[in-house]
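Here the sequence shown stands for residues 36 to 110, numbered as in the working numbering.
All C-beta atoms, glycine included, are put in the ideal place defined by N, C-alpha and C.
Here's the structure, in structure tokens; my notes come after.
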Amino acid sequence: MNNLLEVFNGDRNTKQALKEFMLSVIEQEALQRIFKGEDVSHIRDAKLLLDKTFEELDNAFTIKPKPRDTTNQAR
Numbered sequence: 036m037n038n039l040l041e042v043f044n045g046d047r048n049t050k051q052a053l054k055e056f057m058l059s060v061i062e063q064e065a066l067q068r069i070f071k072g073e074d075v076s077h078i079r080d081a082k083l084l085l086d087k088t089f090e091e092l093d094n095a096f097t098i099k100p101k102p103r104d105t106t107n108q109a110r
């Protein structure tokens, strides 16, 4: 699973498209509930959790470049 998440996280376009889609669904649901007169205060929490999830994804699954060999090869 980790490898799959690294690949997904490395595909910035797909990751951004998914995040935007998820946020649009949250916004649509919020609007529907607002017009029905329902409480939507918890929907803000959902957006914050979604943002935090993508932050954690970056922190945990960013492919780090391999350290360069600093040995002087000219010798």
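Check                                                                                    : Outcome
Candidates Thr49, Lys82, Lys50: which alpha carbon is nearest glutamate 64's?            : Lys82
Can you grab the Cα-Cα spacing for the pair leucine 53 / arginine 79, in whole Å?        : 18 angstroms
Between which two residues does the alpha helix (DSSP H) harbouring glutamate 91 extend? : 76-96
What's the C-alpha gap between phenylalanine 111 and glycine 72?                         : The question about residue 111 has no answer, for the chain in this structure spans 36 to 110.
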